[in-house]
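> This is the structure, below, for whatever I ask next.
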Amino acid sequence: MRFIGTTFFSLIFLFSSFAQKIEISESDLQMQLDSILKEAHLLYSYEKSAWIATDLARENKDLRSRFGGFFTYENRDQIIVLILDRSYEKCVAEYRFKERFDKPKSEIIKTRKLNKKEKTLFKARDKLLENLMDEKYNIGIAEGFGLNPIFIPFHKKYKLYIITGTSLNNVIPFGNDYIFISDKNGNVEFWHKFHSRLIAEPVEYEGNKVTKMTHSHLATTPLITPTDICTFMLYAPIYDIDEFSVYSPAIGAYMTYNWKSDKISVKWNSKE
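Residues 97 to 368, numbered by my numbering, are exactly what the sequence shown covers, in order.
Here it is, written out as structure tokens:
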């Protein structure tokens with residue numbers, strides 16, 4: 097099967113329906129990888145901001161006692177993380193991030209009602225999360241791991257990624273990741289599971305530090321994914337690991353992401 101000039105999200109729809117050898121030119125592959133890397137940066141901006149904001153909120157004694165949850169959204173090139181009270185009806189703190197996501201550009205510790213946009217987004221996210229409880233999605237959580245939803249408006253619809261996080265040390269949690277696309281009311285129209293299972297990659301092996309990680313993908317997910325890269329961007333700096341690779345039997349190539357250079361390189365198997 098050959099695809100030319102297809103966008104990343106179109107490929108998700110197509111690949112989820114086929115499991116066979118896929119032909120893609122180097123130029124088309126590079127176009128897809130550029131799109132994937134851009135999406136990975138968006139996911140990272142949401143998730144890293146949420147990490148930092150919730151840590152800051154829990155370090156504040158008053159906020160910690162009122163902490164009910166959080167909600168993240170983008171507005172005018174800023175990532176905004178709202179800390180919600182236990183009723184989920186009011187914001188008790190607001191952290192804004194721009195360009196760098198390890199430290200907020202500003203923070204407002206003040207109780208206020210959610211504005212109209214925030215209420216709309218929050219309602220749609222909650223409806224979508226509620227729908228994911230359906231057994232047909234078979235979303236599970238392994239002990240020591242958690243699921244982190246990343247909710248993003250998308251062409252008058254919504255997309256919700258789920259990536260796996262962990263409280264365990266010396267592990268990078270790839271896999272058990274999904275994308276769901278819903279209508280404006282949070283009803284699921286399409287979904288895809290990127291990996292068949294959780295891939296808990298140890299950062300040490302027999303007492304030696306791991307310098308590179310590799311896992312393979314099924315034909316239904318033939319490319320490195322935004323969730324792969326986002327997860328690595330979150331955890332790799334903690335353990336000082338430079339890169340990881342994904343092998344795709346479907347296209348016959350290794351795709352390697354290096355977080356220090358922030359680039360994806362490709363190594364093809366020998367072609368006839």
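Cβ coordinates follow ideal geometry from the N, Cα and C atoms, glycine included. Note that the structure is a prediction, hence the values are computed from the model and not measured.
Just how far apart, CA to CA, sit Trp287 and Tyr169?
Between Trp287 and Tyr169, the C-alpha separation is close to 21 Å.
> Locate the beta strand (DSSP E) running through Leu294, then write down its first and last residues.
Residues Leu294 to Pro298.
> Would you call the stretch 299-310 and the stretch 273-288 in contact, with 3 or more CB pairs under 8 Å?
In short, these stretches do not touch, since the Cβ pair count stays below three.
> Return the chain-ordered list of same chain residues with a C-beta closer than 8 Å to the C-beta of Lys215, the five sequence neighbours on each side being excluded.
Once the five neighbours on either side are set aside, Lys215 has no close Cβ partner at all.
> In whole angstroms, give me the CA-to-CA distance for Val177 and Val306.
For Val177 and Val306, the distance between alpha carbons rounds to 34 Å.
> Would Met329 be called buried (16 or more neighbouring beta carbons within 10 Å of its own) or exposed?
Burial call: buried.
> From Met127, Asn244, Lys252 and Asp273, pick the residue whose C-alpha is nearest to that of Phe167; which is it?
Of the candidates Met127, Asn244, Lys252 and Asp273, the one whose C-alpha sits nearest the C-alpha of Phe167 is Asn244.
> Over the uninterrupted beta strand (DSSP E) stretch that includes Tyr353, give me the two end residues.
Element bounds for Tyr353: Ala349 to Asn354.
> Roughly how many whole angstroms lie between the Cα atoms of Leu210 and Lys186?
Leu210 and Lys186: Cα-Cα distance of roughly 6 Å.
> Tell me whether the beta-carbon of Leu139 lies closer than 8 Å to the beta-carbon of Gly164.
Their beta carbons are not under 8 Å apart, which means Leu139 does not touch Gly164 by this criterion.
> Would you mind listing the alpha helix (DSSP H) stretches within the stretch 212-276 that are 4+ residues and don't spill past its ends, in chain order?
As far as the stretch 212-276 is concerned, its whole alpha helix (DSSP H) runs of at least 4 residues are 212-227.
> Please report the straight-line C-alpha distance between Ile337 and Ile347, rounded to a whole angstrom.
Using only the alpha carbons, I get a separation of about 26 Å.
> Could you name the residues of the same chain whose beta carbon sits closer than 8 Å to that of Gln174, not counting the 5 residues immediately before and after it, in chain order?
Here the set comprises Arg192, Phe193, Lys194 and Lys201.
> Tell me which same chain residues have a C-beta within less than 6 Å of the C-beta of Lys363, skipping the five on either side of it?
These residues qualify, in order along the chain: Tyr350.
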